[in-house]
Amino acid sequence: MVLKKKTLKLTGQDIVSIDIGQHTTKIVAGKPNRDGINIFQAISVPTPKEGFEKGRITDFALMKKTIGQALDANKIRSRTALCSVESSEIITRELLLPAAGEEQIEKMLEFEIQQYMPIELSEYTVQSKMLEEIVDDGTDKLRMLVTAVPKDLARNYFDLMQSINLQPVVMDIQSNAIDKLLNSGFLFNGDTELMNEVVAVLDIGYTHINIILFENGKYLFNRIINMGARAINQNLANFMDLSYEESEKLKIDIVDLNKDYAFSEDEVDPGGDMAVKMRVLNIARNTIDSWLEEIERIFKYYTSRSAGNSIDSIYLYGGMTQMSGFDRYLQDAFNIKTNSISSMAKLNMNKISGDAPLASYLNALGTMIRK
């Protein structure tokens, strides 16, 4: 059964939005209104390594304890709960259908899904969203986005929310959360030009990178790459014979990803502090370069679809935006204007607890918008 997208009215209600990431869990408490979102609190807590993996809850009791304690410690009393999720198990497809009535569209979607999506329908919750109406070869058509989420994955999130006395009402995928932010006027860094450009929004996470493309404010597609910040830690630990905790500290201590040394690594004392810094920087750069190859492949998929296609700007969010010089490193690599998201229009944010910047909360914030 294909479910039509239901609009849930949350305007004026106190709600809590939870985004569980591999490294950090972000929790936002606030109230959406007609003019934007009032945020009462935004907190982040470490996600237990044993509790979560690749979008799935792997230790239910541990995640219940972690999130429950965070809510209690920060005196978050909102009971209406939303959560955002991203996983390589979630399947999205774009379909082009003839314009028709709701019942006909639903029947066509069921047929198309059975024909072209590699899923057993009974094991998935499937929802559709109309992206835009277009004219194709003189015929009115609808550009639809279909999302299929494994039912057992969704059920785990639902049960987790209920176990900590929350009332779960919405599960949203992260690319849709970003789409809603853009199309509701939450302009990144106040940049009005991004609604007239081809924009790539990159969520650089701990275990995956989500690449979302927009053209003139309209969602085009997204792709997930199973690479992320954890690979830097792993490579530092492997190549420098360190513990994972030691490698994490060295990564955090990188002063500037773009730093140029006037000499090479073999010209300094191999056991000295300078040699360690240079080696850490080189390992981090080499790891990031492997990401850029995959990102560039996706960019080329878009630019090769039609003559004249180009990407005008890149916006970054996620934990990696905290690494100094990361945005400039990508800008130099792609020769495309690149900025980390540091502010948004229509957002009244009173309090952020912990070290995570605004950009870390985008998925949770976008989930709070219902349209």
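378 is the number that this note's numbering gives the last residue of the sequence shown; the numbers go up by one with no jumps.
Built from N, CA and C at the ideal position, the CB exists for glycine as well.
Check, Outcome
"Length of the line joining the Cα atoms of Thr328 and Asp334", "7 Å"
"Where Leu167 falls, given that 16 or more other Cβ within 10 Å makes a residue buried", "buried"
"Collapsed DSSP secondary structure at Ile232 in the structure displayed", "strand"
"Contacting residues, own chain, Cβ-Cβ under 6 Å from Ile25 (five flanking each side not counted)", "Ile34 and Cys90"
"Best match in Ser51, Ile44 and Ala36 for proximity to Pro364 [C-alpha to C-alpha]", "Ser51"
"Beta strand (DSSP E) runs wholly inside the stretch 65 to 102, at least 3 long, in chain order", "87 to 92"
"Nearest neighbour of Leu381, chosen from Gly279, Asn223, Lys82 and Gln338 [CA to CA]", "What is shown of the chain runs 8 to 378, which leaves residue 381 out entirely."
"Secondary structure of Gln338, DSSP reduced to three states", "helix"
"Three-way DSSP call (helix, strand, coil) for Arg63 in this model", "strand"
"With 16 other Cβ atoms within 10 Å as the buried cut-off, status of Thr374", "buried"
"C-beta atoms of Ala236 and Gly332 nearer than 9 Å", "no"
"Beta carbon of Val156 nearer than 9 Å to that of Ile180", "yes"
"Whole-angstrom distance between Tyr268 and Ile46, CA atom to CA atom", "43 Å"
"Within 9 Å, strictly: CB atoms of Ile318 and Leu201", "no"
"Short Cβ contact (9 Å threshold) for Asn216 with Trp298", "Note on identity: in this sequence residue 216 is Ile, with Asn being the wrong assignment. For Ile216 and Trp298, yes; Cβs fall inside 9 Å."
"Backbone secondary structure at Ser317 - three-state DSSP", "coil"
"Alpha-carbon spacing of Gly28 relative to Tyr213, whole angstroms", "8 Å"
"Cβ distance (whole Å) where Lys136 is taken to contact Pro105 below 8 Å", "Rounded, the Cβ-Cβ distance is 17 Å, inconsistent with contact."
"Every unbroken alpha helix (DSSP H) within the stretch 149 to 236, with a cutoff of 4 residues, ordered by chain", "158 to 170 and 181 to 190"
"DSSP-derived helix/strand/coil call for Thr54", "coil"
"Stretch pair the stretch 78 to 90 + the stretch 63 to 70: three plus CB contacts closer than 8 Å", "no"
"Continuous beta strand (DSSP E) stretch holding Asp144: start and end", "Unbroken run through Asp144: none, as it is neither H nor E."
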